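Going by full-length UniProt numbering, the sequence shown wraps up at 437, each residue one higher than the last. All C-beta atoms in this analysis are idealised placements derived from N, C-alpha and C, irrespective of residue type, glycine included. These numbers were taken from a predicted model, which means no experiment stands behind them.
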Amino acid sequence: MARKEIGIGIAGIGTVGAAVARLLMSNRERLAESAGASLAVRAVSGRDQSLPRSFDTSLVRWFDDPVALANAPGVDMVVELIGGAEGVAHDTVRAALNAKKPVVTANKALIAAHGLELAALAEQSNVSLAFEAAVAGGVPIIKTLREGLVGNHPRRVVGILNGTCNYILTRMESDGLSFGECLAAAQALGYAEADPGFDIDGHDSAHKLAILASLAFGTRIAPEAVYVEGIRSITSADIKAAADLGYRIKLLGVARRTDSGIEQRVHPTMVPAKAAIAQVDGVLNAVSIDGDLVRTLLLVGPGAGGEATASAVLADIVDVARGIITPPFGRPAKLMRPYEQAEMRAHEGGYYVRLAVNDRPGAFAAIATRMAEARISLESIVQRGRAGREGAPIDEPQPVILITYETTEAAIRQALEAIERDGHIVGPPQMIRIEKL
Ligand code: HSE
């Protein structure tokens with residue numbers, strides 16, 4: 001019996017788009033068996049038709065305009081790999097859904113900004129909107145949260161969600177390289193976004209975290225509510241101190257249900273070196289979910305790169321071809337609950353603090369007093385410098401590292417502001433949150 005053929009249009013033919021096109025063509029028979037339909041790449045769109053590609057572009061129709069591709073007859077499913085929350089990517093996805101064509105996308109910025117509106121449109125058109133590749137590349141975390149864990153009531157989702165940052169932090173630690181050298185290497189390997197600021201300043205992780213939080217808690221996506229700090233301020237001194245204290249530094253995204261609302265935060269984090277997520281190195285991503293039934297589940301895998309991301313796109317394409325229509329966020333868009341934000345000032349946890357302290361009598365005492373005034377109890381205080389560097393001038397600021405017991409964000413900020421005002425330290429304090437795992 002002849003198989004049904006589904007025409008696929010790929011909008012955006014960069015690293016991931018080209019990998020998807022090539023794999024659809026080279027694995028056509030195997031994918032057809034799984035999908036129950038033949039998956040034919042019929043059209044692609046990109047910025048420059050003349051660039052060399054890893055698949056034969058003469059076999060498909062070329063569009064300069066992705067919206068025209070979405071509307072073209074013969075294109076039954078649209079794969080959006082252009083990127084960006086606004087503009088042409090948004091227009092293309094809307095055009096496809098309005099034309100009652102299912103959409104597969106890897107666009108985290110678009111889903112974070114417009115996911116609910118697009119989910120409602122997909123539901124109205126009774127077609128799929130699938131975005132497995134938007135979070136953690138090849139790790140099937142969307143399906144895991146939306147389907148595999150549907151019987152759970154998750155309390156916390158913790159993720160290493162940006163391969164570029166994880167790669168940089170790993171190489172700074174393992175090879176003693178500078179931040180700039182590691183970033184250049186990540187770019188050369190094709191992990192970083194076109195503007196690497198999205199990676200290293202935490203915004204890429206924030207988009208992904210907002211999507212995961214929405215799936216985990218059934219709440220509206222709230223990317224604007226994510227507290228974001230990137231990794232630019234992390235120095236070799238922090239990485240070394242973390243190792244000495246039994247921690248590793250990771251850029252984590254954490255979404256947590258608390259009594260006062262949902263906390264979403266992305267920041268460099270001290271992770272106990274023995275924790276499973278601390279072992280996740282290089283470009284790998286990881287997502288750990290605390291569910292009431294499964295307890296803790298950890299998924300680890302490649303979070304960036306053409307083929308790894310294409311793996312997730314292909315999974316969505318096959319699901320769509322099978323005729324499976326799942327509400328994009330696991331429940332109808334109108335049943336998504338409002339997002340109640342927990343104040344960042346109320347965040348509770350331990351803190352690592354590194355200060356460059358002027359080596360004068362009373363400096364330590366003043367710092368300890370400010371901590372005490374903020375009702376912060378100290379687990380350890382380590383002064384580095386003098387002992388190991390004989391002859392260092394007495395005026396040179398000495399690195400002092402403090403680890404606090406559990407306190408609040410409001411308290412640590414109050415203490416650090418007072419310490420800065422007192423004038424015993426040089427430069428701003430470095431503060432890194434500790435996450436219990
Ligand atoms: N730039 C991203 C990362 C790739 O480094 O993880 C996919 O989002």
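(1) From the DSSP output, in three-state form, read off residue 207 for me.
(2) Taking 6 Å as the limit, name every residue whose beta carbon sits nearer than that to some heavy atom of ligand 1, in sequence order.
(3) Pick out whichever of 379, 353 and 397 has its Cα sitting closest to the Cα of residue 429.
(4) In terms of residue numbering, what span does the alpha helix (DSSP H) encompassing residue 121 cover?
(5) According to DSSP, is residue 266 helix, strand or coil?
(6) Quick one: complete alpha helix (DSSP H) runs, 4+ long, within the region 304-369?
(7) The alpha helix (DSSP H) spanning residue 135 covers which residue range?
(8) Excluding sequence positions up to five away, which residues of its chain have a Cβ less than 6 Å from the Cβ of residue 154?
(9) For residue 172, I'd like the list of residues in its chain whose CB is within less than 6 Å of its CB, leaving aside the five on either flank, ordered along the chain.
(10) Going along the chain, which unbroken runs of the alpha helix (DSSP H) with 4 or more residues stay wholly within the region 135-198?
(11) With DSSP as the reference, please indicate the residues paired to residue 402 in a beta bridge.
(12) The beta strand (DSSP E) that contains residue 430, what's its start and end?
(13) Of all the options 350, 366 and 349, which has the alpha carbon lying nearest to the alpha carbon of residue 357?
(14) Using C-beta distances below 6 Å, list every residue in its chain close to residue 160, excluding the 5 sequence neighbours before and after it, in chain order.
(15) DSSP three-state label for residue 36, please.
(16) Under DSSP, the alpha helix (DSSP H) around residue 17 begins and ends at which residues?
(17) Could you check which residue in 355, 102, 179 and 378 has the C-alpha nearest to that of residue 318?
(18) Pairing CB atoms from the region 319-332 with CB atoms from the region 21-39, are three or more of them under 8 Å?
(19) Could you spell out the range, first to last residue, of the alpha helix (DSSP H) harbouring residue 66?
(20) Assuming residue 201 contacts residue 164 (C-beta within less than 8 Å), just tell me the rounded distance between them.
(21) Measuring straight from C-alpha to C-alpha, what distance separates residue 349 and residue 293?
(22) Kindly identify the DSSP beta-bridge partner or partners of residue 302.
(23) Cβ of residue 186 within 8 Å of Cβ of residue 192?
On the basis of the data shown:
(1) Residue 207 carries a helical assignment under DSSP once its states are collapsed to helix, strand and coil.
(2) Neighbourhood of ligand 1, defined by CB distance below 6 Å to any of its heavy atoms: 137, 162, 163, 164, 191, 192, 193, 199, 204, 303 and 304, in chain order.
(3) Comparing alpha-carbon positions, the option among 379, 353 and 397 lying closest to residue 429 turns out to be 353.
(4) Counted as a single uninterrupted DSSP element, the alpha helix (DSSP H) harbouring residue 121 occupies residues 108-125.
(5) When DSSP states are grouped into helix, strand and coil, residue 266 belongs to the strand group.
(6) Counting whole runs of 4 or more residues, the region 304-369 contains the alpha helix (DSSP H) stretches 306-321.
(7) The continuous stretches of alpha helix (DSSP H) do not include residue 135, and DSSP gives it neither H nor E.
(8) Correct list, in chain order: 216, 289 and 291.
(9) Cβ neighbours of residue 172 beyond the five flanking positions: 182 and 239.
(10) Within the region 135-198, the runs of alpha helix (DSSP H) that reach at least 4 residues and sit entirely inside it are, in chain order, 163-175 and 179-188.
(11) Answer by DSSP bridge pairing, in chain order: 353 and 381.
(12) 430-434 is the extent of the beta strand (DSSP E) around residue 430.
(13) With distances taken between Cα atoms, residue 357 lies closest to 366.
(14) For residue 160, same chain residues with a beta-carbon under 6 Å away, outside a window of 5 residues either side, are 166, 250, 280, 285 and 286 in chain order.
(15) In this structure, residue 36 counts as coil in the three-state DSSP scheme.
(16) Run containing residue 17: 15-26, per the alpha helix (DSSP H) assignment.
(17) Checked all of 355, 102, 179 and 378; the closest Cα to residue 318 is 102.
(18) Yes, since at least three Cβ pairs between the region 319-332 and the region 21-39 fall closer than 8 Å, the two stretches touch.
(19) Looking at the DSSP string, the run of the alpha helix (DSSP H) that includes residue 66 is 66-71.
(20) In this structure residue 201 is not in contact with residue 164, their Cβ atoms being roughly 11 Å apart against a cut-off of 8 Å.
(21) So the two alpha carbons sit approximately 25 Å from each other.
(22) Answer by DSSP bridge pairing, in chain order: 284.
(23) Contact: yes.
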